[in-house]
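Undergrad: One structure is given below, represented as structure tokens, and several questions about it will come after.
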Amino acid sequence: VLNVFVFFGGGGGCYNAVIRLSFQCLPQQEIMKWNGWGYSDSKFLFNKKGQAEFTGKRYRLSGMILPSLQDWFENTFGASVKQHKSPATPSLNAGALPPANLNEAFLQDLTATGIPFSHEADDRVFRAHGHCLHEIFALREGRGFQRVPDMVTWPNCHNDVVKIVELACKHNVCVIPYGGGTSVTGALECPPEEMRCIVSLDTSQMNRILWIDEKNLVARIEAGIIGQDLERLLNEGGYCTGHEPDSMEFSSLGGWVATRASGMKKNVYGNIEDLVVHIKVVTPRGVMEKSCQGPRMSTGPDVHHFILGSEGTLGVVTEVTMKIRPIPEYRKYGSVVFPNFEAGVACLREVAKQRCAPASIRLMDNEQFQFGHALKPQVSSIFTSFVEGLKKFYITKFKGFDPHQLCVATLLFEGDRERVLQHEKQVYDIAAKFGGLAAGEDNGQRGYILTFVIAYLRDLGLDYYVVAESFETSVPWDRVLDLCRNVKERIIRECKERGVQFQPLTSCRVTQTYDAGACVYFYFAFNYRGLADPVHTYEQVEHAARDEILANGGSLSHHHGVGKLRKEWMKESISDVGLGMLRSVKEYVDPDNIFGNRNLL
Amino acid sequence: MASTTLYSQRDPMLKKRDDFEDILEERRNSSDLKYAVRCYAPVLYKGLTPCKANMLKSMVLQSDHLRYVINQVSQESGEAPDIIHEEASVILEEMAHRLKISTVRFFAFTLTKAFKTLFQHICVNEEGIHRLQQAIQEHPVVLLPSHRSYMDFLLMSYILYTYDLALPVIAAGMDFMGMKFIGEMLRMSGAFFIRRSFGGDKLYWAVFSEYVKTMLRNGFAPIEFFLEGTRSRTCKSLTPKIGLLNIVMEPFFKGEVFDVHLVPISISYERILEESLYARELLGVPKPKESTSGLLKARRILSENYGSIHVYFGQPVSIRSLAQDKVNRCKYNLVPRHIPRKPTKETQSFVTDTAYRIVRLQEDSMVLKPWVLMASILLQNLEGLELSLLTEQTLWLRGLAQSCGAFLDWPDHTPSAKVVSSSLALHRGLVCVSGGRVSLVLGEPQGLVTPEEALFNRAVSVLSCASYRNQILHVFIRPAILAVAIHNAASSKKDEVFNCFSFLCKMFSDEFILCPGDTVQDFEEACYLLVKSGSVQTLQQNIVVTDRGQSTLSFLNGLLESFLQGYQLFSTLVLGNLNMFSDKCPVEGTI
């Protein structure tokens, strides 16, 4: 994430030549927040007039006033923008940082290779965390972490990684690969019990597209590249990967592979495991890669799948051959309003059954619909507000939708124009069968814009005693409704039992459809005023929510991964034998636990 | 968590119980008609999907579960699915209730008339009602009353109507359906009818369980049934049947509802309408078939005084908290939820355990009248005893019962002699006082009776009296078994006493509410109570009876004597017969 040295330059659209991001070494710390999400210049705040605004220039919402956000915020959480502030400490207390535990012999050998490294405090803390609530909370309090990497190194290519891993094995140094830093599973946390020197292997300099093969529509890409850069560089040549996880502004290709990432448009392009054709990975045993790039093989269990989801426990992914597609000719957003969540889920299920899902289809529940409304920018003309009012009147009064029940599906169609329009009609026809009303392109587009700014909102909440987090699962179709209802209820129950003084916000959306089920994403937030240890309370509630998910037939994770946050459920999830299989791979590949982040197992 | 607090109260005397209100009082001072037609607008379950009784039926018939079973049965039997479907529809028609508020109002009117004549008071703990009202809004609720009389379910609906609570649908035995007109009336007041036994009938089971689960999932109405399965003829709680409890828990296990709340309800009668009927039934006179004419004949009971009724609505018990760490719901993830499956061992034992706990909660809040104490003493003195001695012993027993946590309704500020004499008056059909001596009425003295008839009459009296004594057994059962164990163990070593205790618990497992698997806990509870009352001491792994404990222990021994004798008699008889039938198989000495 944080190494976004990327905005300047961008090597042009020549093929079969190295496309590379230039090296204007802007220190990432200056454009990224050190204790929150995303760019430093982009944040929500309540301005002097008491109105909410989103600063910066990077997003469609940037520079806009959001007139209803304050009311929504105060009413939903019982928070007070005027009275109850909980600002972050302005900088990290350097005294809180444990001293670097360096391995001199390793350092000497590494220096000899010429690969850059650093043991500056800022660099180390930067790579000591992901974006779990407890991590960000600790940073905001200026507390830092019990254990952080002792040094950071920036390999420039596959061979550099080979050298680093060899030296790490030679000197028994612990290596933790670092890509975009957007983990939300505690995967980047250093195990406190690790006594060896911990080296953070930052892949950000390995950000080239090595070649593009137009005959087979694949590209060879270095694994450190960040999602938005990859997309932009490919776009220049008329291509895309179509892999768009919500974190794509900051997350890296290697990270996607290591966590089995899922993109918003997987219905057209597939998830990362469908997109990957070839993986090169450096392990303590040596380099593993397949000898050809055949599109499918029957050569025993697919060794790629040991790497996909390995969460940095086996080695470093250095290069990936990935499918690419021509940029679609036409793209259209859309939205459908349903009278209630049940009808919406039934519609999504039918769409999945007919296998006609658009590139993206997402169903937000009522809470999220209301939240989306709170984020509407000030309307510029009386006419717009008149039209808005008319729409609202039509839906709630004329069609009789209860504003506290209705929910919205957002759609994104891609392809050639004619087929998109045809496809669109098919989906709207299905929606109509379930009582859905087409609600316009704007609503749809806004839904997807919100995807990228929503992560910034947590920082706003944290300024006013509100903690928030999201988590996800995948679940068979017939259990979607039961799971959503029970998990929300469980959260509310647990908050009450644990002394949370205010009603929590629980909200969910169905973000992906599959033949046999769906991916469900939950948001959960509460006002923690009056709690002694809000993070602990939060963690207990999230733990209970995960128990509830599992008891309702949901999976441990759809795409976030396991990290350290969900390790305890692995045995239950994949059985003793299953866990043993994974362990035996780890034992063979990395007997000395060089890749010692202790995720997953 | 509720699961641990449910039964962890160490000192039963500290049990907190609510106060009662008499709901008949208001009825006596206002118009019954007005009451019957008043506005009735109960609070409903927040997740309720409103639907009519008829819609309910089609939901059941179209459910995945039923369709699956219909196909299965069709494949096994070779009949066309349509025919099986028709069969299912007939079963459902026979079973389903047709709850109608007009019928409920009719009952509200007539029952008020009847109740005012039959009973002095109908007392209800209003706090329990408030708790129930809360629970009904939050979760599907299952009402689990004790079952001593036909009155129970009419009474329950009557009370819920009175307090403007959602009327329950009630699982009733098919026997009632035989009653012309009344059967239909009950159906329209919320009863649904199930066959007494349908062990192997897959289709019946599917229709029945889907019907109950559909009502539960939709929050249609509170579901009411009797854990004991049938009316207890002895006033002892019967060991629970777990079939229906299994059904109502399943939607929770499968995640179809967030939680289900079980509400134990204790209905205690000062005098049971069926009192002498039960005694005769126990002696082998067949139960009169439920019939409308029978009911009309029974009108004469209207001329008698049946004292008061206490109805105690217990704390709703959350299945979710009970099941925590006991049932792994993930087990239900791997098979589609509409496919019926036998519950796992783990689930089975959880359901059984819960059933026992609920029955114990029912027992715990049974209100005991002074007469129950007196009956217990009289039964240990069948030849009769002086009134003053009876009074004295009753007071002594009151102390003991209270220290064991009994829920006694002993009138305040009334001289004990008066309490005793008014109890004797209410039960004058069972006891007589002559010349300062109290004894059981042993049959009708006048007229010519054969010796057999005299014996029969005597037995009726003793059994009727025993049914009152039985009401207090749950208070003393653990200490009493311990008393017998101490008496019979080879030594006073704690281990040996425990072995004997454990043997007795096993032997009496169908006689009293002794949860299988709770023996150690029961033993500790018994020891605690006897030590607390000063009856025994535990000295270095020995359990020793104290001097002042002799009388307590002999009373407790006496309490179980008739049961022990009964078991002994029975086994002698069985053994004797075995010998008669099979000479080749000598079983003598094996017991």
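Chain order of the listed sequences is A and B.
By UniProt numbering, the letter at position 441 of the first sequence is numbered 441, and the numbering carries on one by one without gaps.
By UniProt numbering, the letter at position 542 of the second sequence is numbered 542, and the numbering carries on one by one without gaps.
Positions of the beta carbon are idealized from the N, C-alpha and C atoms, including for glycine.
#1: Using a Cβ-Cβ cut-off of 6 Å (strictly less than) and excluding sequence neighbours within five positions of B/V212, which residues of its own chain qualify?
#2: When you compare the CB of A/G435 with every CB in chain B, is at least one pair closer than 9 Å?
#3: Closest by CA to A/V125, which one among A/I136, A/L107, A/S118 and A/P149?
#4: What is the rounded straight-line gap between the Cα of B/K532 and the Cα of B/A490?
#5: Give me, in chain order, the residues of the same chain whose beta-carbon lies closer than 8 Å to that of A/D71; leave out the 5 immediate sequence neighbours on both sides.
#6: Near B/L245, what residues of its chain come up, given a Cβ to Cβ distance below 6 Å and the 5 sequence neighbours on each side ignored?
#7: For A/A551, return the contacting residues in chain B, with the cut-off set at a CB-CB distance below 7 Å.
#8: Taking 9 Å as the cut-off, decide whether the C-beta atoms of B/A483 and B/L560 are in contact.
#9: Using alpha carbons as the reference points, say which of A/L600, A/G224 and A/I574 lies closest to A/K586.
#10: So which residues of chain A does B/F333 contact, with C-beta pairs closer than 7 Å?
#11: Could you check if A/H305 is buried or exposed, using at least 16 other CB atoms within 10 Å of its CB as the buried criterion?
#12: For the stretch 199-231 of chain B, enumerate the residues whose C-beta is nearer than 7 Å to any C-beta of chain A, in chain order.
#13: From B/V104 to B/K345, what distance separates their C-alpha atoms?
#14: Check each residue of the stretch 334-363 of chain B: if its Cβ is closer than 8 Å to any Cβ of chain A, include it; give the result in chain order.
#15: Per DSSP, which one or two residues make a beta bridge with B/P145?
#16: Go through its chain and collect everything with a Cβ distance to A/H134's Cβ below 6 Å, but skip five positions before and after it.
#17: Give the secondary structure of A/G180 by DSSP, where H, G and I count as helix, E and B as strand, and everything else as coil.
#18: Just verifying my parser: in three-state terms, what is the DSSP assignment at A/E469?
#19: Quick one: list the residues of chain A neighbouring B/F258, beta-carbon separation under 8 Å, in chain order.
#20: Can you list the beta strand (DSSP E) stretches of 3 or more residues lying completely in the stretch 166-251 of chain B, in chain order?
#21: Could you pull the start and end residues of the alpha helix (DSSP H) that B/S492 belongs to?
#22: From the DSSP secondary-structure annotation, give me the bridge partner or partners of A/M288.
#23: Taking the CB atoms as reference points, tell me whether B/L387 and B/G436 lie closer together than 9 Å.
#24: My output table needs one value for A/E193: the three-state DSSP class, helix, strand or coil.
#25: Any idea what DSSP makes of B/I477, helix, strand or coil?
#26: Please report the straight-line C-alpha distance between B/I242 and B/D353, rounded to a whole angstrom.
#27: Whole angstroms is fine: what's the gap from A/D365's alpha carbon to A/T511's?
#28: What residue from A/I361, A/A439, A/N172 and A/E572 has the CA that sits closest to A/P591's CA?
#29: Quick one: residues in its chain with C-beta nearer than 7 Å to the C-beta of B/V520, no 5 flanking neighbours on either side, listed in chain order?
#30: Considering only C-alpha positions, which residue in the set B/R271, B/D164, B/G517 and B/V37 is nearest to B/T110?
#31: Quick one: which chain B residues come within Cβ less than 7 Å of A/R479?
#32: Could you name the residues of the same chain whose beta carbon sits closer than 8 Å to that of B/D510, not counting the 5 residues immediately before and after it, in chain order?
#33: Count the other CB atoms, across all protein chains shown, that sit within 10 Å of the CB of A/S335; report buried if there are 16 or more and exposed otherwise.
#34: From this set, B/L99, B/L155 and B/E270, which residue's C-alpha is nearest B/F192's C-alpha?
#35: Per the contact definition of three or more C-beta pairs closer than 8 Å, is the stretch 130-144 of chain B in contact with the stretch 306-318 of chain B?
#36: Let me make sure I understand the geometry here. Which of A/L275, A/G436, A/E472 and A/A258 has the alpha-carbon closest to that of A/K265?
TA: Taking the coordinates as given:
#1: Taken in chain order, the residues that qualify are I247.
#2: Cβ-Cβ to chain B under 9 Å: no for A/G435.
#3: Out of A/I136, A/L107, A/S118 and A/P149, A/P149 has the C-alpha closest to the C-alpha of A/V125.
#4: Spanning the alpha carbons of B/K532 and B/A490 requires a straight line of approximately 24 Å.
#5: The residues are A374.
#6: Result list for B/L245: V351 and A355, in chain order.
#7: Within 7 Å Cβ-Cβ: G255, R329 and C330.
#8: In contact: B/A483 and B/L560 (Cβ atoms closer than 9 Å).
#9: For the residues A/L600, A/G224 and A/I574, the minimum Cα distance to A/K586 belongs to A/L600.
#10: Looking at the sequence itself, residue 333 of chain B is Asn, so the reference to Phe does not match. Near B/N333 (Cβ distances below 7 Å), the residues of chain A are G553.
#11: Its Cβ having fewer than 16 others within 10 Å, A/H305 is exposed.
#12: Listed in chain order, the positions of the stretch 199-231 of chain B with a beta carbon within less than 7 Å of a beta carbon of chain A would be empty, since no residue qualifies.
#13: If you take the alpha carbons of B/V104 and B/K345, they lie about 41 Å apart.
#14: Listed in sequence order: P336 and R337.
#15: Partner residues in the beta bridge of B/P145, as assigned by DSSP, are B/I265.
#16: Around A/H134: V535.
#17: Coil at A/G180, not helix or strand.
#18: Of the three classes helix, strand and coil, the one that applies to A/E469 here is strand, per DSSP.
#19: Within 8 Å Cβ-Cβ: R485, N486, E489 and R490.
#20: Restricting attention to beta strand (DSSP E) runs no shorter than 3 residues, the stretch 166-251 of chain B encloses them at 169-173 and 191-194, ordered along the chain.
#21: DSSP places B/S492 outside any alpha helix (DSSP H), giving it a letter other than H or E.
#22: Looking at the DSSP assignment, A/M288 forms a beta bridge with A/V281.
#23: A contact, by the Cβ cut-off of 9 Å.
#24: If DSSP states are grouped into helix, strand and coil, A/E193 belongs with coil.
#25: B/I477: helix per DSSP, three-state reduction.
#26: Annotation: B/I242 to B/D353 spans about 10 Å, alpha carbon to alpha carbon.
#27: When rounded, the distance between both Cα atoms is 11 Å.
#28: Checking every option, the nearest Cα to that of A/P591 belongs to A/N172.
#29: The answer is none, since no qualifying residue turns up.
#30: The candidate whose alpha carbon is nearest that of B/T110 is B/V37.
#31: Simply G255.
#32: Excluding sequence neighbours, B/D510 sits near T239.
#33: Residue burial annotation: A/S335 is buried, with at least 16 other C-beta atoms found within 10 angstroms of its C-beta.
#34: Looking from the CA of B/F192, the closest CA among B/L99, B/L155 and B/E270 belongs to B/L99.
#35: The stretch 130-144 of chain B and the stretch 306-318 of chain B touch, with three or more beta-carbon pairs separated by less than 8 Å.
#36: Closest option to A/K265, judged by alpha-carbon separation, among A/L275, A/G436, A/E472 and A/A258: A/L275.
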